[in-house]
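In our numbering, the protein residues as written are 167 to 662.
Written out as structure tokens, the structure is:
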């Protein structure tokens, strides 16, 4: 009996070696600083892995492994799950999914904000590219050249992903914009009201997508999201009947996540959308009625610097009632890197526009450094901005807010104080903020950058970000990996 018992132990899946009488593992990571993601204090420990799973974490693990790693002085932590990315097109050509893969991310979720590339009817590819280019500032040229388009339906899109090897796992929402376009064609693109037949077909597609493996559904409700031609994302004005039918279909298909880019103004302002308070109420009702996991984007805006607190408190109340309503918050200020190679405050000055049209970037920077060119550009008024074209004249459109623009330099301070702002530097030098900004951009042979945190930095510190991140209702998201490549790609948030 003893012999049989011992044989059972040594031959068990626990991983004992009958010959050596010790536990055997595939991998032992020894002596690293373990941060396990549970909120527990960091600690020095060993980590044992067998068959692709962590089987033990302890101060000292007795056993042997096929491979051992000495992690002394290193951080040992689970891979990050980045819940908000836009690699929908990039997955066709980039198996590494950079830059997220370089920042400890092991799972990404694509299809956020109601935009993506499936389902797609033959002939709609260009429209979906322009939709993504407008909303997420991903160059259409790259999307055109890189996307394989070897799918039509959403299940086929998932199959196309599954056929490729990646450096990380990929999960996907089925996006409202693509679904609306697939079902309604031009009517969907123009945000016309959906008929009962349209709604029934959209619901069918969403259920089919969920059953095939989509993690949920995403939609955009904000006027800040527009296609390249200035049209709001399909679904921006969708009726409650349309959204509720889709939510019910998602539930019938297995439940999951319902991701929303909501209107951000508390009262809607002059936008033809619901205000934030109405959006919150609608999202709360959705969460409690369906038991879906509802998540939405939340940032601090200069126009409504305290509205985020109201949203977090409301979400907490819904959670207490048994619903799941969690805002995705960012771990750093949101904004843009201002430089001659991308968006900046002088893009609509006539002299700059003329030079940029004909010169290479290298020659353009040489011209911009000339005193006479500087004087001419600074003396000019901006040419008209086409507000129907997303990102046209983005720098001038946003306007330079001197106290929120900072020189980046070689050693970047990511929590700059007011004394480091263009406003303070200009005042000290006795020049205008625009003159100071121009001269700072010309540093380092025209390769310098300015940091312009337009969101989450109203008080010029990280206090609001910390409060958001530590709120019990919030979840860490909003890296926007793969998006806004001409502004800033915040895929580095996990290591920020």
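Where is the CB? At the ideal position from N, CA and C, for every residue including glycine. Bear in mind the structure is a predicted one, so any value in this text is a computation, not a measurement.
>> Considering only the alpha carbon of each residue, which of 291, 609, 383 and 247 lies closest to residue 339?
In response: 383
> Using DSSP with H/G/I as helix, E/B as strand and the rest coil, what is residue 307?
Replying inline: helix
>> DSSP has residue 463 in a bridge; who is on the other side?
In response: 494
> When we look at the beta-carbon of residue 445 and count the other beta-carbons within 10 Å, is it buried (16 or more) or exposed?
Replying inline: buried
>> With H, G and I counted as helix, E and B as strand and the rest as coil, what does DSSP make of residue 406?
In response: Residue 406 falls in the helix class under three-state DSSP.
> How should residue 218 be labelled, buried or exposed, when 16 other C-beta atoms within 10 angstroms of its C-beta is the threshold for buried?
Replying inline: Residue 218 should be labelled exposed.
> For the beta strand (DSSP E) that residue 222 lies in, which residues bound it at each end?
Replying inline: 219-224
> Between residue 515 and the rest of its own chain, which residues show a CB-CB distance below 7 Å, the 5 nearest in sequence each way excluded?
Replying inline: 543, 546 and 548
>> Can you find the residues in the same chain that come closer than 6 Å, C-beta to C-beta, to residue 572, ignoring five residues on each side of it along the sequence?
In response: 582, 586, 587 and 617
>> Whole angstroms are fine: how far does the CA of residue 268 sit from the CA of residue 647?
In response: 12 Å
>> Between 330, 610, 265 and 525, which has its C-alpha nearest residue 505's C-alpha?
In response: Selected option, being the one with the closest Cα: 610.
>> Taking the beta strand (DSSP E) that residue 210 belongs to, which residues open and close that run?
In response: 209-216
>> Quick check on the DSSP output: the beta strand (DSSP E) that includes residue 395 runs from which residue to which?
In response: Neither: residue 395 is in no beta strand (DSSP E) and is coded neither H nor E.
> Which first and last residues belong to the alpha helix (DSSP H) in which residue 602 is found?
Replying inline: 599-607
> What is the DSSP secondary structure of residue 549, counted as helix, strand or coil?
Replying inline: coil
> Is DSSP giving residue 627 helix, strand or coil here?
Replying inline: coil
> Do residue 622 and residue 466 come within 8 Å of each other at the CB atom, strictly closer than that value?
Replying inline: yes
>> Taking only three categories from DSSP, how would you classify residue 333?
In response: coil
> residue 169: buried (16+ other C-beta within 10 angstroms of its C-beta) or exposed?
Replying inline: Confidence at residue 169 is low in this model, with a pLDDT of 31, below 50, so its placement is unreliable and the value that follows should be read with caution. Exposed, because fewer than 16 other Cβ atoms sit within 10 Å of the Cβ of residue 169.
> How is residue 180 classed by DSSP in three states: helix, strand or coil?
Replying inline: Because the pLDDT at residue 180 is just 48, under 50, the model does not fix this residue reliably, and the value given afterwards should be weighed accordingly. Correct three-state label for residue 180: coil.
> Do you know offhand how far residue 486's Cα is from residue 462's?
Replying inline: 18 Å
>> Under 8 Å: do the region 304-313 and the region 637-651 share three or more Cβ pairs, one atom per stretch?
In response: yes
> The alpha helix (DSSP H) spanning residue 320 covers which residue range?
Replying inline: 320-328
> Who does residue 572 pair with in a DSSP beta bridge?
Replying inline: 587 and 617
>> If distances are taken between C-alpha atoms only, which option among 198, 402 and 388 comes closest to residue 211?
In response: 198
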